[in-house]
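I have placed the structure first, in the form of structure tokens, so that the comments after it can refer back to it.
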Amino acid sequence: MVRRTVSSPGGVIKRRANISAERRAVSPTSGAGSRSSRAMRISHRNARGNSGKSSSKYSPARRFASPPPRSWSSDASTSMYRSSRPRNRSSATTRASSQSSTRSAAPGRYASASARSRRPMACTRASRSAVDATAIGRTPLVFGRPGHVEAISRTAFARDAGILRVSPMPATGPSLSIERVTTDAWITLAVTVGTVALLVSDRLPPSAAMFGAVVVLLTIGVIDSEQALAGFSNPAPFTVAALYLVARAAERTGALAPAIGSMLGTGSNYRRAAARLLAPTAVSSAVLNNTPIVAMLAPTVSNWADRNGLPPSRFLMPLSFAAIAGGTATVIGTSTNIVVSGQLEASGFDAIGMFEIGMVGAPVAVLGVLLLIFLSPVLLPDRRSARREFREDSRSFVVDMVVEPGGPLDGAAVEAGGLRHLQDVFLVQIDRGDDQIFPVTPTTPLRGDDVLRFVGRAERVLDLRSMRGLASTHEEHIVDFERERGAFFEAVLGVTSPLIGRTLREAEFRSRYQAAVVAIHRSGQRINAKLGEVRLRVGDTLLLLADPGFRARWYDSREFLLISRLDQVEPRRLGKSVIVVSTIAAIVVASAVGLVSILVASLVGAVVLVASGVLTPNEARTSVDLDVIVTIASAFGLAAAMESSGLAAQVATGLVDAFSGLGDRGVLLGIVLTTIVVTEMITNNAAAVLILPIALSTASVAGLDPRGVAISVAISASASFLTPVGYQTNTMVYGPGGYRFTDYMRLGFPLTILVVVIVVMLVPIIWPVD
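For the sequence shown, the tail end lands on 1728 under my numbering, and the numbers increase by one without skipping.
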């Protein structure tokens, strides 16, 4: 066994080759062998001659920058491309030696196609481009650059790798086929399928599922510790974390709400109002995270629609969709873009520029907003929103009753006295002298002369007068509970809420959250069953009666996706809005002109917002969604396993075989459709990191530009328009808009088709096929 070294634009490429196997494969009697060697020398000269060429940074013609050193391995059990950092030296050495002996014993299996067939492969200068485009492509099969491939003969590499072979040249050109699937690839496939199953079932948080998958792959030895932890040193998670702070500052100060609210104006013309709402929403979403924008605007839009006699159901879903579409216009518009850019940079390419993705994303945003303006009044129903019904519920009667001293309720607990599970009536507070007991638990003891405060519908509240042991107050009256003690809140349950699948009784809601659930709204309808026995689902909207500090306590928690106070605008720090707007503008300009990287600009902006007092240190800490950050960082380890095991190459070849009959755009269509399907089942970030290695491998096999393919994955992963759980902003407006599941399909399907058409048509033009 010897090591051969050749030069390439990206550094030194090392490959091991078994001399005996190579001599058998390249024999003097085989014309293919000499032609392969000559093609390799020609490729070396071409690579050296072209190494000094460069072009504009974001020009579509420039697809590759100078790559860092990488190594190619010809071991049959490894993938075609591997990071230059060794995965496991001892195991790799053992496999290499065992495969060397195996090849010596069975030369026919590992010899080139020409050695097994009298029909030679066409590897001359004239036909080398055809072999390159079909066998290996312009880039490595996984996460590499074209300079690496051009440094050695594609055919010699495919022969030595042991997992690929180039068939003898038929009339239509060579074809790529899979020689065998490695054990590591099977393991990675099993772990990936298990991870996706956990993400779809919501049995574990995405961060736990992704990190657990990386730990399993590390333990088995598919990846090493450096690959497993690569995501925690990548700029992407830290950039996302910093931008969370910026978005939270914009939400807390209400920097955008007054401007957009004033644009809505008055009147009942839907399309005119929709244009004034959706256009600035899409523009704002291009520089801020989508979630806080929708959280900030949804209550404002609902109140405005009710005041003007318009159905909120025709505004809230378009609001979410416009925010999603606008996020594709810049690289910081959504965390998915940042994740794809980070993985692309880790693969040896340049990071995606600030407005580079906008060459495709901007048409998606503009045409998407126009589509929403014209189709929303036709496709969306006119339904009563949960907020409107909750306002009626919040105006329900509240009455005080007194516990009769010595009566049947004196000394009894609340539940034992029959006051816990009343129909549409809730005991929310007990006044005992100067003390107030709020909220009331099932075990709270009752005493004579206690004043019990009930809330519920009028006919049910007034029926309390007939209960034994209770008497009306000396001056029977209906009181305004909200004015005296508490407030009504609207809360939406998200995917990560621990309340999902549990009843209010099982969750001990009153004692844990210090609030009483007065009503539950689901799929456009109010639930009339016993609230304590209703199992909560994703998207359920709760009407809560709590103290005024409820929102401040639970706003940044996993329990509730959206919390808004009814009939009252949340306090804003408008004096700080100028600082927020200036910081956002500085981040965009500094990173766009290349003054600093997006990571540095985002971190500096976050520090400025905390130092200037826009956010307190505690608010800064709670504004970062650690579940998303860990998911992003862990995904890099899973992606490394997919590429190093050869799984990405295997799946890519199958994808090319399935769509190659439709041409280059057909292969790109397969990537886009696969990404859209996956992103509707799991989170956008997880979908992007799972599909990207396969997409880059597919680009290599099919001869597509990997940069354009990566941007296609980023935009497709954000196209979550078909379900209320595909993206968290869709879930936010699910209950408040009174929507049903099919409403998302009705409006989301044409928008999804629009995204697919734009991506498939524009990407090959902007990043042309070689």
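All residues carry an ideal CB built from backbone N, CA and C; glycine is no exception.
> What number of angstroms, rounded off, separates the C-alpha of L1255 from the C-alpha of L1274?
Replying inline: Rounded to the nearest whole angstrom, the C-alpha separation of L1255 and L1274 is 9 Å.
> Taking C-alpha atoms, which residue in Y1228, T1294, T1249 and G1319 lies nearest to L1712?
Replying inline: Here the closest residue by C-alpha is G1319.
> F1313 and L1557 look like a contact to me (Cβ under 8 Å); what is the Cβ gap, rounded to whole Å?
Replying inline: Incorrect: roughly 17 Å between the Cβ atoms, too far for contact.
>> Could you check whether G1604 and A1616 sit closer than 8 Å to each other, using their CB atoms as the reference points?
In response: Going by C-beta atoms, A1616 is not nearer than 8 Å to G1604.
> Looking at the structure shown, is P1403 part of a helix, part of a strand, or coil, going by DSSP?
Replying inline: Here P1403 sits in strand by DSSP.
> Mind checking whether V1327 and A1240 have CB atoms under 8 Å apart?
Replying inline: Yes.
> Quick one: Cα of I1590 to Cα of A1564, how far?
Replying inline: Rounded to the nearest angstrom, the two C-alpha atoms are 20 Å apart.
>> What ranges does the beta strand (DSSP E) occupy inside the region 1360-1404, keeping only unbroken runs of at least 3 residues that lie completely in it?
In response: DSSP runs (the beta strand (DSSP E)) wholly in the region 1360-1404: 1383-1390 and 1393-1395.
> When burial is assigned at 16 or more other CB atoms within 10 Å of the CB, is P1304 buried or exposed?
Replying inline: The sequence as given places Ala at residue 1304; Pro does not occur at that position. Buried.
> Residues in its own chain within less than 8 Å of I1485 by CB, not counting five upstream and five downstream?
Replying inline: Closer than 8 Å at Cβ, skipping near neighbours: A1477, I1478, H1479 and V1492.
> Hey, how far is the Cα of S1549 from the Cα of P1726?
Replying inline: S1549 and P1726 have their C-alpha atoms roughly 26 Å apart.
> What are the boundary residues of the beta strand (DSSP E) that S1676 is part of?
Replying inline: Run containing S1676: none in the beta strand (DSSP E); it sits in the alpha helix (DSSP H), P1664 to S1676.
> Going by alpha carbons, who is nearest to L1613 out of A1232, F1467 and V1659?
Replying inline: L1613 has its Cα closest to that of V1659, out of A1232, F1467 and V1659.
> According to DSSP, is A1309 helix, strand or coil?
Replying inline: Under the three-state reduction of DSSP, A1309 is assigned to coil, being neither helix nor strand.
>> Classify E1601: buried if its beta carbon has 16 or more other beta carbons within 10 angstroms, exposed otherwise.
In response: Result: buried.
> Hey, is the region 1638-1655 in contact with the region 1665-1685, meaning 3+ C-beta pairs nearer than 8 Å?
Replying inline: Touching, yes, given that three or more Cβ pairs across the two stretches are closer than 8 Å.
> Taking contact to mean at least 3 C-beta pairs separated by less than 8 Å, is the region 1686-1696 in contact with the region 1268-1288?
Replying inline: The region 1686-1696 and the region 1268-1288 touch, with no fewer than 3 CB-CB distances between them shorter than 8 Å.
>> Measuring only the C-alpha atoms, how far is A1645 from I1310?
In response: Answer to the nearest angstrom: the Cα atoms are 18 Å apart.
> Among the residues of its own chain, which have a CB less than 6 Å from the CB of V1718, if the five just before and after it don't count?
Replying inline: If we look at V1718 and ignore the five residues flanking it on each side, its Cβ neighbours are R1623, L1626 and L1627.
>> Please classify A936 as buried or exposed, where buried requires at least 16 other C-beta atoms within 10 Å of its C-beta.
In response: What the structure shows of the chain is the stretch from 959 to 1728, and residue 936 is not part of that stretch, so it cannot be assessed.
> Secondary structure at T1292, three-state DSSP: helix, strand or coil?
Replying inline: Secondary structure of T1292 (DSSP, three-state): coil.
> In the structure shown, what three-state DSSP assignment does D1634 receive?
Replying inline: Note on residue identity: the sequence assigns Ile, not Asp, to residue 1634. For I1634, the three-state secondary structure derived from DSSP is helix.
> In chain order, what residues of the same chain lie with their CB nearer than 8 Å to the CB of P1363, ignoring the 5 residues before and after it?
Replying inline: So the list reads G1406 and D1407, once near-sequence residues are dropped.
> Per DSSP, F1447 forms a beta bridge with which residues?
Replying inline: Paired residues: L1502 and R1523.
> Hey, is the region 1260-1270 in contact with the region 1631-1644, meaning 3+ C-beta pairs nearer than 8 Å?
Replying inline: Not touching, per the Cβ criterion.
> Rounded to the nearest angstrom, how far is the Cβ of V1586 from that of V1198, given a contact under 8 Å?
Replying inline: Contact holds; Cβ gap of about 7 Å.
> Can you tell me the Cα-Cα spacing of F1331 and P1238, whole angstroms?
Replying inline: Sequence inspection shows Ile at residue 1331; the Phe mentioned does not correspond to that position. For the pair I1331 and P1238, the Cα-to-Cα distance works out to about 13 Å.
> Nearest to G1621 by alpha carbon, out of L1662, A1598 and Y1513?
Replying inline: Of the candidates L1662, A1598 and Y1513, the one whose C-alpha sits nearest the C-alpha of G1621 is L1662.
>> Assuming contact is defined by CB atoms lying nearer than 8 Å, are T1499 and E1464 in contact in what I supplied?
In response: For T1499 and E1464, no; Cβs fall outside 8 Å.
> Quick one: what's V1475 bridged to in DSSP?
Replying inline: Paired residue(s): L1502.
>> For P1270 and A1233, what's the separation of their Cα atoms in angstroms?
In response: C-alpha separation (whole angstroms): 15 Å.
> Could you give the distance in angstroms between the alpha-carbon of D1308 and the alpha-carbon of L1650?
Replying inline: CA-CA distance, D1308 to L1650, rounds to 15 Å.
> If we ignore side chains and look at the alpha-carbon of each, how far apart do I1121 and T1140 end up?
Replying inline: Residue placement at I1121 is flagged as unreliable, the pLDDT there being 39, under the threshold of 50; the coordinate-derived value follows with that caveat. Between the C-alpha atoms of I1121 and T1140 there is a straight-line separation of about 9 Å.
>> If distances are taken between C-alpha atoms only, which option among L1519, M1703, G1696 and S1555 comes closest to P1250?
In response: Ranking the options by Cα distance to P1250, first place goes to L1519.
>> Can you tell me where the alpha helix (DSSP H) holding S1570 begins and where it ends?
In response: Where S1570 is concerned, there is no enclosing alpha helix (DSSP H), given that its DSSP letter is neither H nor E.
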